[in-house]
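Read through the structure below, which is laid out as structure tokens, and then see the notes.
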Amino acid sequence: AVVSTQSTGTALREMINNTIEQTANDLEAQRLRTEYAFRKRIHEVQMAKDELEWQQRNTKREIDVLMDDIRGLKQAIADKNKPLEVAETRSENRTYRPRVELCRDAPHDGLIEEKNVLQKTVSSLVDKHNTADDALNQLKQTINRIDEDIAIKSDSLELDETCMTKRQKLLLVSHKV
113 AVVSTQSTGT ALREMINNTI EQTANDLEAQ RLRTEYAFRK RIHEVQMAKD
163 ELEWQQRNTK REIDVLMDDI RGLKQAIADK NKPLEVAETR SENRTYRPRV
213 ELCRDAPHDG LIEEKNVLQK TVSSLVDKHN TADDALNQLK QTINRIDEDI
263 AIKSDSLELD ETCMTKRQKL LLVSHKV
């Protein structure tokens, strides 16, 4: 009866040790899966952040180019306004000449045509300026969204890396026990 009790106790101890070993193996497998998931997430977030930073650089370049275009359009408008004022003044002076009858001759028609062309050109330049200004505002909104997304990705990376560091400390503690 003592031998039977001893063999039962030994079998029970082996079963307990097997259960403990199986549990340790299961925990190790889960730890490895979790670390893999963390590393994978860190990699994916880092790639997304890198893509956002690339978009940010390109968008900033586009903003710079567009601002140069806007400056050029403003200068072109200013450059066309001066000749337009001259043409309007000449046309008005010609129309209101004292003691001279109003005549519609080739020079008069030329002034009117010049004035119309300059007005259309200025109007076209103003439209292009407005369109460029709208595009600039959209790019600024885009850069703000990208900046916010980069900040979120940076925070996520920092948090995930902190978690990985904490997990490594736990691993060192669990192996000491």
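Using the numbering used here, the first residue of the sequence shown is number 113, and each one after it goes up by one. We put the CB at the ideal spot given by N, CA and C, even for glycine. Keep in mind it's a predicted model, so treat the numbers as computed, not measured.
DSSP three-state assignment for residue i, whether helix, strand or coil
{"i": "R209", "result": "coil"}
{"i": "D217", "result": "coil"}
{"i": "V289", "result": "Unreliable positioning characterises V289 in this predicted model, as indicated by a pLDDT of 46, which lies under 50. The coordinate reading is nonetheless provided below. The answer is coil: DSSP assigns V289 none of H, G, I, E or B."}
Inter-residue CB distance, residue i and residue j (contact presumed, cutoff 8 Å)
{"i": "L237", "j": "K192", "result": "7 Å"}
{"i": "R153", "j": "D272", "result": "6 Å"}
{"i": "L283", "j": "M179", "result": "Contact doesn't hold; Cβ gap of about 53 Å is too wide."}
{"i": "I175", "j": "L251", "result": "5 Å"}
{"i": "H64", "j": "R206", "result": "Because the chain spans 113 through 289 in this model, residue 64 falls outside it and cannot be assessed."}
Residue i burial status per 10 Å Cβ neighbour count (16 or more: buried)
{"i": "I132", "result": "exposed"}
{"i": "V157", "result": "buried"}
{"i": "L185", "result": "buried"}
{"i": "T120", "result": "exposed"}
{"i": "K278", "result": "exposed"}
{"i": "K92", "result": "Limits of the chain in this structure are 113 at one end and 289 at the other, which puts residue 92 out of reach."}
| query | Is the region 186 to 200 touching the region 227 to 245, taking contact as three or more C-beta pairs under 8 Å? | reply | yes
| Touching by the beta-carbon criterion (3+ pairs, under 8 Å), the region 137 to 153 and the region 243 to 262 | no
| Three or more beta-carbon pairs under 8 Å between the region 239 to 250 and the region 159 to 168, yes or no? | no
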